[in-house]
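**Student:** Take a look at the following structure, please.
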Ligand code: PGA
């Protein structure tokens, strides 16, 4: 494991963006696994800045997002598809058809999970997966207690996650209760993983995840077994 301590959010974002840009420069047709949430926003901003300077080319990059709420259309400002377009895709030269987010509106959600998992395989697997971490140790929407064996699947969001995500909605009742998420199995098959965590409130969970016992009670703890994990964190 490569553990990088950053000094503040700006530094974290630059260091994380460096890892992503190195991946894209070395393999222009990289398959990037991407994450939503507040943590990666600065990373995307830094990548956009470097793209605008001409330092990175996303024209051959393919992206696969980790998760999506069930029931929100892409044009809903709270959907993860909207988030990705708004914070990243619309500012770079990635081809829209090369950006993939699970379809939370699919009639048959189980079939959508299978389609997404097959898509990951058809694209040759994920070269670099970017991950945030929840206060309860979740990665994607893999909540504590969820099996390590799962591929892409439907989850019922637990109370901690609903509360954490309520800040983006008018009230907690508007937060969708279900989501589609890549499973731990899908995530662990990525060739490289970049885990980012920012703020004093993430220090305890990062410590547990990286140095504690590997247990489904702390989903991110499984990352200790990944052969190519980089953690960039700042607890300021
Ligand atoms: P955050 O979310 O980046 O908004 O803290 C991380 C997560 O819940 O995965």
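Numbering (our numbering), first residue to last: 1145 to 1380.
Note that CB positions come from ideal geometry on N, CA and C, so glycine has one too.
(1) Does the beta carbon of residue 1174 fall short of 7 Å from some heavy atom of ligand 1?
(2) Who are the near neighbours of residue 1238 in its chain, counting only those whose CB is closer than 6 Å to its CB and skipping five residues on each side?
(3) Would you mind stating whether residue 1298 and residue 1322 have Cβ atoms separated by less than 8 Å?
(4) Buried or exposed for residue 1341, going by 16 or more other Cβ atoms inside 10 Å?
(5) On the premise that residue 1273 lies in contact with residue 1331, defined as a C-beta separation below 8 Å, what is that separation, rounded to the nearest angstrom?
(6) Residue 1151 by DSSP, collapsed to three states: which one?
(7) Restricting to Cα atoms, I'd like to know which of 1313, 1232, 1336 and 1251 is closest to residue 1243.
(8) Considering only residues of the same chain and omitting the five flanking positions on each side of residue 1245, which have a CB-CB separation below 7 Å?
(9) Using CA atoms only, rank isn't needed, just tell me which of 1318, 1187 and 1352 is closest to residue 1156.
(10) Starting from residue 1243, follow its DSSP beta bridges and name the residues at the other end.
**Tutor:** With the given structure in hand:
(1) As a first step, residue 1174 is located in the chain shown; it is residue number 30 there, counting from the start. Distances taken from the Cβ of residue 1174 to the heavy atoms of ligand 1 include none shorter than 7 Å.
(2) For the purposes of this step, residue 1238 is taken as residue 94 along the chain shown, with counting starting at 1. Its chain contains 1202 and 1205 as the residues whose beta carbon lies nearer than 6 Å to that of residue 1238, once the 5 sequence neighbours on both sides are disregarded; these appear in chain order.
(3) Here residue 1298 refers to the residue found at position 154 when the chain shown is read from its first residue. Here residue 1322 refers to the residue found at position 178 when the chain shown is read from its first residue. Yes, these two residues count as a Cβ contact at 8 Å.
(4) Numbered from 1 along the chain shown, position 197 holds the residue referred to as residue 1341. Sixteen is the threshold: when 16 or more other Cβ atoms of the shown chains lie within 10 Å of the Cβ of residue 1341, as they do, the residue is buried.
(5) Here residue 1331 is taken as the residue at index 187 of the chain shown, counted from 1. Here residue 1273 is taken as the residue at index 129 of the chain shown, counted from 1. About 6 Å; that satisfies the 8 Å criterion.
(6) For the purposes of this step, residue 1151 is identified with residue 7 of the chain shown, where counting begins at 1. When DSSP states are grouped into helix, strand and coil, residue 1151 belongs to the coil group.
(7) Along the chain shown, read from residue 1 onward, the residue named residue 1243 stands at position 99. Checked all of 1313, 1232, 1336 and 1251; the closest Cα to residue 1243 is 1232.
(8) Numbered from 1 along the chain shown, position 101 holds the residue referred to as residue 1245. Listed in chain order, the non-local C-beta contacts of residue 1245 below 7 Å within the same chain comprise 1209, 1212, 1224, 1225 and 1228, local neighbours out to five positions each way being set aside.
(9) Reading the chain shown from its first residue, position 12 is the one you call residue 1156. Taking only the C-alpha atoms, the option nearest residue 1156 is 1187.
(10) Here the question's residue 1243 lines up with position 99 in the chain shown. DSSP, once it has assigned bridges, lists 1207 as partnering residue 1243.
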